[in-house]
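Visitor: According to the numbering used here, the sequence shown holds residues 28 to 549 in order.
Heads up, the beta-carbon is just placed ideally off N, CA and C, and yes, glycines get one too.
If you're wondering where the values come from, they're calculated on a predicted model, not measured in any experiment.
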Amino acid sequence: MHFYNELKSSFIIIAFLGYIFLVSGLIINCLQLCSCIIWPFNKELYRKINRYLALGIWSQFTFAAQWWSKSDCALYIKPDDLEKVRKEHAIVIMNHKYDIDWMAGWIICQRLGIMQGSKIVGKQSLKLLPIIGWCWIFTESIFLRRKWDNDRETLVKDLRKILDNYPKNCFFNFLLFCEGTRFTERKRLISMKIAHEKGLPELKHHILPRTKGFTLLLQGSEDRITGIYDLTVGFKKSGAKPRLLSIIEGRSCQAEIFVRRIPLSEIPKDSNGCNNWVYKLYEEKDKIYDYFVHHDTFEGNGLTRVETQRNYYDLLIELSWMIIIGIPSIFYLIKFLWTSSFIAQLIFLIVVILATIGVRAMIAVTEIERGSGLIVNFAQLLTCIFIWPLSKQLYRRINYYLGTLLWSQLTFLYSWWAYSNITVYVDPQDLKHLQHEYAIILVNHRYEIDWLLGLVAAQEIGLLGGLKIVGKRSLSLIPILGWSWFFSESIFLRRIWESDKKVLEHDIQQLLNGYPDNYYFN
């Protein structure tokens, strides 16, 4: 048994599973792209096709959890609510305490046969994730920029589009993390300062929820979304650490989910009433999770456990991919290694190692405690190697959001951690121009953190992803920040005018050549 466990966590096995996921995911993404031909003529057929295409990707996650790692998830729900969950459009509100709480939700969805209807409301950078993010695009998830004026319009428009001509007897569920981010104690303490100012009760295990997105979803549902499902996820101490790497290495995690259904008729429709309802809901969720912390189970907390057995569908899908992709690939790999030159074999080995490191880096993105700056740098390096030669526009779009992920951590320190404020004085007309044009910004340099104030202002205005600098060349060598400036095409000078003049002319022309439409830099 020890040998079997070691084998599951070995480099070769993880690389093989990653290869199967990568190839099968890209095949499905291509099929989803082809299915877009159907969209103008028959939206219902398009949606039916993509519901089942998405299963080909999502099922590989539940296979890894249920069959590979033998993880399990216990469900606590009223039997009547269990019957309704299969027969209605719903909004699912989940706590975001763990790296893989979403995985526990997918396990239950897979067992209940509703995983093909899963959608998310998430930040816009998620749709750039290869395979997973692209699948969310084709299955009509909703992505937000975290700029309320734009997001309000996006939510209403996208929800109405989904509700228009949705197939009969097919149902969707929107996963919504009202906390807006994964839980850390630091974020909780910061959010509780705001809760105290608003006169709201303190939460022990949650971040203060954001209410605007949920309120707008509810108001735009046109009474066709009939149920709200409140999910509280807890992972038992007896299982492995709840993270994606544990699942891939075959270590079993043990989860429990406490589910309450709230009929739409019980929720106030006005904005203030709905906001207060969300705050009250999270106060109740906090007590439910606190019970789990003290008892290591939801048993005895008002709901009975409902048995949900794993089925063979995700196992059969994974085995099918292994037969279709894995076996022929092994055959061609052996033939290649037997007949190719040493240089070709060496290149192949380097590609495999880079791919494995890339998979590990993508796994690390799901983990709260990792160094996100280096992860962003590594993602930027991969886009530079593989995407820049093929499409500069796509490369720049991706790096726009990768840069935002990095710089927003600095603005978080200023605005939330230090609880500092900034006041921006600007003519409204100039502000409109700034959001829709390329610009040069001249800043005085009197203070040590005046550059940070610029980042905060850019974040408030919505320009953070397009920020670049003209600076001395040594700045490009600074780990994380300098490397990110380098990949986002900032301009670095030697302070030797003859060479700097050529660098400026060349780099500006290169930036302006092929810059994505509706994206702007300053």
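Report yes or no: do three or more beta-carbon pairs, one from the segment 65 to 80 and one from the segment 306 to 321, lie closer than 8 Å?
Guide: With the cut-off at 8 Å, the segment 65 to 80 and the segment 306 to 321 do not touch.
Visitor: When the Cα of Ile84 is compared with those of Tyr125, Trp512 and Ile159, which residue comes out closest?
Guide: Here the closest residue by C-alpha is Ile159.
Visitor: Helix, strand or coil for Gly83 per DSSP?
Guide: Gly83 falls in the helix class under three-state DSSP.
Visitor: Does Phe262 come out as helix, strand or coil in the three-state DSSP assignment?
Guide: Phe262 falls in the strand class under three-state DSSP.
Visitor: For His463, which residues of its own chain have a beta-carbon under 7 Å away from its beta-carbon, when the five flanking residues on both sides are left out?
Guide: For His463, where only same-chain residues beyond five positions count, the Cβ hits under 7 Å are Tyr547.
Visitor: Taking the alpha-carbon positions, what's the Trp163 to Gly266 distance?
Guide: Rounded to whole angstroms, Trp163 to Gly266 spans 30 Å at the Cα level.
Visitor: Tell me whether the beta-carbon of Glu591 lies closer than 8 Å to the beta-carbon of Asn192.
Guide: This structure does not reach residue 591, given that the chain is present from 28 up to 549, and the question cannot be answered.
Visitor: Across the segment 251 to 265 and the segment 213 to 229, are there enough close Cβ pairs to call them in contact, namely three or more that are closer than 8 Å?
Guide: Segments in contact, no.
Visitor: Which same chain residues, not among the five before or five after Leu186, have their C-beta less than 8 Å away from its C-beta?
Guide: Ile169, Leu244, Gly247 and Ser248, listed in sequence order.
Visitor: Taking 8 Å as the threshold (beta carbon to beta carbon), is Leu171 in contact with chain D?
Guide: Here chain D cannot be found, since the structure has a single protein chain.
Visitor: For the alpha helix (DSSP H) containing Ala485, list its first residue and its last residue.
Guide: Element bounds for Ala485: Asp477 to Ile488.
Visitor: Evaluate Thr365 with the Cβ neighbour count: other Cβ atoms within 10 Å of its Cβ, from every protein chain shown; 16 or more gives buried, anything less gives exposed.
Guide: Correcting the residue identity first, residue 365 is Trp in this sequence and not Thr. Trp365 comes out exposed.
Visitor: Taking C-beta to C-beta, are Lys529 and Glu516 nearer than 8 Å?
Guide: The answer is no: Cβ separation not under 8 Å.
Visitor: Rounded to whole angstroms, what is the Cα-Cα separation between Ile120 and Arg473?
Guide: So the two alpha carbons sit approximately 46 Å from each other.
Visitor: What is the DSSP secondary structure of Thr181, reduced to helix, strand or coil?
Guide: Of the three classes helix, strand and coil, the one that applies to Thr181 here is helix, per DSSP.
Visitor: Can you look up Asp99 in the DSSP assignment and give me helix, strand or coil?
Guide: Strand, per DSSP.
Visitor: I need the boundaries of the beta strand (DSSP E) containing His116, first residue and last residue.
Guide: Residues His116 to Met121.
Visitor: In terms of residue numbering, what span does the alpha helix (DSSP H) encompassing Arg424 cover?
Guide: Counting along the chain, the alpha helix (DSSP H) containing Arg424 begins and ends at Lys419 to Phe439.
Visitor: Does Asn404 come out as helix, strand or coil in the three-state DSSP assignment?
Guide: Three-state DSSP puts Asn404 in a helix.
Visitor: Kindly confirm or deny that the segment 204 to 222 and the segment 97 to 106 touch, where touching means at least three C-beta pairs closer than 8 Å.
Guide: Because the criterion of three Cβ pairs below 8 Å is not met, the segment 204 to 222 and the segment 97 to 106 do not touch.
Visitor: Determine the DSSP secondary structure at Ile377, reduced to helix, strand or coil.
Guide: Three-state result, Ile377: helix.
Visitor: Using only alpha-carbon positions, find the residue among Leu156, Gly353, Gly140 and Lys97 that is nearest to Leu82.
Guide: Minimum Cα distance to Leu82 is reached at Gly140.
Visitor: How close, in whole Å, do the beta carbons of Thr181 and Leu171 come, if the pair is a contact with beta carbons under 8 Å?
Guide: Rounded, the Cβ-Cβ distance is 6 Å, consistent with contact.
Visitor: Between Tyr428 and Phe358, what straight-line distance do the alpha-carbon atoms span, to the nearest angstrom?
Guide: Rounded to the nearest angstrom, the two C-alpha atoms are 39 Å apart.
Visitor: In the DSSP assignment, find the alpha helix (DSSP H) that holds Phe358 and state where it starts and stops.
Guide: Phe358 -> alpha helix (DSSP H) spans Ile354 to Thr366.
Visitor: Relative to the C-alpha of Tyr465, which candidate in Gly492, Tyr452, Asn471 and Pro455 has its C-alpha closest?
Guide: For the residues Gly492, Tyr452, Asn471 and Pro455, the minimum Cα distance to Tyr465 belongs to Gly492.
Visitor: Using the C-alpha atoms, what's the distance from Gly261 back to Ile395?
Guide: With a pLDDT of 49 at Ile395, under the threshold of 50, the modelled position of that residue is not reliable, and the figure given next carries that caveat. If I take the Cα positions, the gap works out to 16 Å.
Visitor: Would Gly300 be called buried (16 or more neighbouring beta carbons within 10 Å of its own) or exposed?
Guide: Result: exposed.
Visitor: Tell me whether Asn536 sits in a helix, a strand or coil according to DSSP, three-state version.
Guide: According to the sequence shown, residue 536 is Gln rather than Asn. Residue state, collapsed to three classes: helix.
Visitor: What does a CB cutoff of less than 8 Å around Ser627 pick up in its chain, not counting 5 residues either side in sequence?
Guide: There is no way to answer for residue 627, as the model of the chain reaches only from 28 to 549.
Visitor: Considering only C-alpha positions, which residue in the set Ile377, Lys268 and His233 is nearest to Thr259?
Guide: Ranking Ile377, Lys268 and His233 by Cα distance to Thr259 puts His233 first.
Visitor: With DSSP run on the structure shown, which of helix, strand or coil describes Ile234?
Guide: Three-state DSSP puts Ile234 in coil, outside helix and strand.
Visitor: Considering only DSSP beta bridges, list what Arg500 is partnered with.
Guide: Looking at the DSSP assignment, Arg500 forms no beta bridge with any residue, so it has no partner.
Visitor: Residue range of the alpha helix (DSSP H) that Gln151 falls in?
Guide: Note, Gln151: premise wrong, no alpha helix (DSSP H); not H, not E.
Visitor: Looking at the strands, I want to know which residues DSSP matches up with Pro228.
Guide: In the DSSP output, where bridge partners are listed per residue, Pro228 has none listed.
Visitor: Evaluate Tyr422 with the Cβ neighbour count: other Cβ atoms within 10 Å of its Cβ, from every protein chain shown; 16 or more gives buried, anything less gives exposed.
Guide: Its Cβ being crowded by 16 or more others within 10 Å, Tyr422 is buried.
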